[in-house]
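This report concerns only the one structure given below.
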Amino acid sequence: MIKHIRWQILLALLGAVLIGTSLGYLALPRTTVLVPAAGGTYIEGLAGQPQYLNPVLSQYNDVDRDLCALIFNGLTDINEKGEIVPDLALGWEVSDDGLSYTFHLRRGVRWHDGQVFTADDVVFTIRTMQDPDYQGVPYLAELWRSVSVQKLDDYTVLFTLREPYAPFMDYTSIGILPAHLLEKIAAADLPRSSFNTHPVGTGPFRVVEVTKEQITLEAYADYYGPRPMLHQVQFRFYPDHASLLSAYERGEIQGISQILPQYLPQAHGYPDLNLYSAQLWGYSIIFLNLNNPDVPFFQEREVRQALLYGLDRQRLIDNVLGGQGVVAYSPIMANSWAYDPNIYRYPYAPDRAQALLDEAGWHEPTVTEQLQWEEENLRGPEGDGQGTEQGKSETGPLTRKKSGIPLRFVLLTNDDPVHVSLVEEIARQWAEIGVEAIPRAVSFAKLTGEYLRPRQFDAVLVDVELTPDPDPYPFWHETQVLDGQNYAGFINRDVSEWLETARQITDHEQRAALYRQFQEVFATEVPSLILYYPVYTYGVDRAVHEVQIGPLLDPSDRFRNIADWYVRTRRVIVSEAEHGELDKSGK
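Going by the working numbering, the sequence shown opens with residue 42, and the numbers climb by one from there.
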């Protein structure tokens, strides 16, 4: 009897355990939650090869800039609004005359080899760019050679400018080099240094392995900023952007550094690929050569305005760029503090364009001229209705003329497929208002070396990269016509004076007032044709979480919040209240 009671008790206890276990299992989804876990590797594909993993030499190569953004830090950083924020410098003061900048450096920062970061590193980096044998981009040398740098103590640096220059702070975001590793290397020899393939920085990731095919970065344990959730980031190198999509299909990579417009339809077909798009800091523009005697009509304001009215820029964006652009109305970015939201916006208005050309004396061909053109081009030389290339006249059927001069010019661009398609569509649109633009594409090196810099062009479509500071001086001040970047040859004394004054004061309100005046004149005069602000598209597999991008000053800015990215998760038990808070945060 006692034995029987014992078995009953044992069975009851076992049943209670099973019931408790079952209830616990059923309650598990309600009392646990997945949260980010440290560790794991993110693998991204890049189009191209690294050359100089050195922040003072990286400006020519997108791959170099991407990697340097994770390895190095500047005195300052630039956020998505274009604002200067502290980085290796905790703060700074600017003298009342705008000539002196005193930076107070962060203490306790260590290079990836364990050495301590000090003011010596800052002074060394600046003097490298000041050196006559510096091999980097000319604009950095030009700026820094006009600035003196002085170490006040181990954690204080003084910069002294020759004259006030409001955009100066933009340049303080350049990555700082380790003096203890490079001070014995001459500036002329720096491009050949092994440092360029095995760099040592202060950034969130350090280099652990480099091959011709890939580079592996590891989260730096002593980084002074937020510690990345990822343990490693690996970049694999491919010959072109098309190869990146193929690599993703094969499962070799999780991220595609950039998806060009022509590959967007293919990218949209990958169910696990999340696409992130953001506006780039710059614009695409058609520079009109206002000083070329072969195209004197560009000196007529009515012609320039008509060309802009005759462009359906939204159609260019939708049909050629796959939506990867935003119509631009000003040479100052629309999200800048200096942008004038009330600036006149030229709509697509072909009727208005034709009326302007009529008023300016540029008339459509007469009926006789039209019939003659059809005779030569549509019937063909044999009268068989098959016009040949040799039989075509130079001027199209609707090309306008004034005093016997056709409204015809060559529209140059580089041989990038997207740019080629753009100039072809632009030429088609202008033909509808009687303007003949002849599309022509050359290599980028030839475009810049033989046409753009020597000003040997009629009109040229290019992309312009802008600095965070809205200063338009380099492209539109009269002193930049011959040797600077004022490729259009725009000369306006009032504009030049406004731009001179604006770059010498630091007060945003005063500068914005001057830039509003500039934008008003630009909209009226239309010295060149601004088309759109480009949009950058980045692809990352859905297995990678917390990827976010905002407006990009440079494509490398897609890594702004990489410390938050994660590929691993873990399940934790939480109370009902904690669970609610986690739900709100999305983690």
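Quick reminder that beta carbons are idealized off the backbone N, C-alpha and C, glycines included.
Please read these numbers as outputs of a predicted model, since none were measured by experiment.
1. Helix, strand or coil for ASN602, going by three-state DSSP, please let me know.
2. Counting along the chain, where does the alpha helix (DSSP H) carrying GLN307 start and finish?
3. Rounded to the nearest angstrom, how far is the Cβ of GLY580 from that of ILE300, given a contact under 8 Å?
4. Just mark PRO306 as buried or exposed, buried being the case when its beta carbon has 16 or more other beta carbons within 10 Å.
5. Using 7 Å as the threshold, is the C-beta distance between ASP172 and ALA220 below it?
6. Which residue marks the beginning of the alpha helix (DSSP H) containing VAL536, and which one marks its end?
7. Distance check for LEU488 and PHE246, CA to CA, integer angstroms please.
8. Do the CB positions of GLN585 and VAL608 come within less than 7 Å of each other?
9. Among the candidates ILE119, GLN191, SER287 and ALA478, whose CA atom is the shortest distance from the CA of THR9?
10. Considering only the alpha carbon of each residue, which of PHE209, ARG203 and ASN237 lies closest to LEU218?
11. Taking the C-alpha atoms as reference points, what is the distance between LEU108 and SER298?
12. Cα-Cα, which of GLY402, LEU463 and ALA283 is closest to SER444?
13. What are the start and end residues of the alpha helix (DSSP H) that includes LEU286?
14. ALA472 lies in the alpha helix (DSSP H); which residues open and close that run?
15. Which residue's Cα is closest to the Cα of GLN558: PHE165, ILE571 and PRO513?
16. If you follow the alpha helix (DSSP H) that GLU400 is in, where does it begin and where does it stop?
17. What would DSSP say about GLN365, mapped onto helix, strand or coil?
18. Relative to the alpha-carbon of ASN330, which residue among PHE531, GLU121, MET170 and GLN551 has its alpha-carbon at the smallest distance?
19. Give the straight-line distance between the Cα atoms of THR252 and PRO280, rounded to the nearest whole angstrom.
20. Just reading off the beta strand (DSSP E) that ARG449 is part of, what are its end residues?
21. Going by the CB atoms, is the gap between LEU140 and ILE327 shorter than 7 Å?
22. In terms of alpha-carbon separation, which member of TRP322, ARG147 and GLN560 lies closest to ASP598?
23. Can you tell which of PHE339, THR73, VAL344 and SER99 has the C-alpha that lies nearest to the C-alpha of PRO179?
24. Report the rounded CA-to-CA distance for PRO208 versus SER484, giving the unit in angstroms.
25. Mapping the DSSP letters down to three states, classify SER371 as helix, strand or coil.
26. Could you name the residues of the same chain whose beta carbon sits closer than 6 Å to that of TYR324, not counting the 5 residues immediately before and after it, in chain order?
27. On the DSSP bridge list, what partners appear for TRP133?
28. Which whole-angstrom value describes the C-beta separation of ALA319 and LEU593, a residue pair presumed to lie in contact below a C-beta threshold of 8 Å?
29. Name the residue from LYS442, ASP359 and TYR380 whose alpha carbon lies nearest to the alpha carbon of GLU400.
30. Can you tell which of VAL576, TRP517 and ALA472 has its C-alpha closest to the C-alpha of PRO447?
31. Tell me the rounded alpha-carbon separation between TYR366 and VAL503.
32. Given VAL361, which residues of its chain have a CB within under 8 Å of its CB, disregarding the five upstream and five downstream residues?
33. Please name the residue, chosen from LEU181, ARG496, GLN589 and VAL188, that lies closest to VAL336 on a Cα-to-Cα basis.
34. Output the boundary residues of the alpha helix (DSSP H) element that contains ILE590.
35. Can you tell which of ILE373, LEU314, TYR350 and ARG186 has the C-alpha that lies nearest to the C-alpha of PRO382?
36. Can you look up SER187 in the DSSP assignment and give me helix, strand or coil?
Per the coordinate set shown:
1. coil
2. 305-309
3. 5 Å
4. exposed
5. Between ASP172 and ALA220, the C-beta gap is not smaller than 7 Å, which leaves the two residues out of contact.
6. 534-543
7. Rounded to the nearest angstrom, the two C-alpha atoms are 38 Å apart.
8. Gln is not the amino acid found at residue 585; the sequence shown has Val there. Yes, these two residues count as a Cβ contact at 7 Å.
9. Absent from the structure is residue 9, since the part of the chain shown begins at 42 and ends at 628.
10. ASN237
11. Rounded to the nearest whole angstrom, the CA to CA distance from LEU108 to SER298 is 12 Å.
12. If we check each option's Cα against that of SER444, GLY402 comes out closest.
13. Residues 282-290.
14. 458-472
15. Per the Cα distances, PRO513.
16. 391-400
17. coil
18. PHE531
19. Rounded to whole angstroms, THR252 and PRO280 show a C-alpha spacing of 15 Å.
20. 449-455
21. no
22. When the alpha-carbon of ASP598 is set against those of TRP322, ARG147 and GLN560, the nearest one is in TRP322.
23. Cα-wise, what sits closest to PRO179 is SER99.
24. 32 Å
25. coil
26. ALA369, VAL505, ILE571 and TYR574
27. PHE144
28. 5 Å
29. LYS442
30. ALA472
31. Per the sequence shown, the amino acid found at residue 366 is Gly instead of Tyr. Each residue's alpha carbon lies about 14 Å from the other.
32. Counting only Cβ-Cβ distances below 8 Å, and skipping sequence neighbours, we find PRO302, VAL459, SER462, LEU463 and GLU466.
33. ARG496
34. Where ILE590 is concerned, there is no enclosing alpha helix (DSSP H), given that its DSSP letter is neither H nor E.
35. ILE373
36. Looking at SER187 - three-state DSSP - the assignment turns out to be coil, as it is neither helix nor strand.
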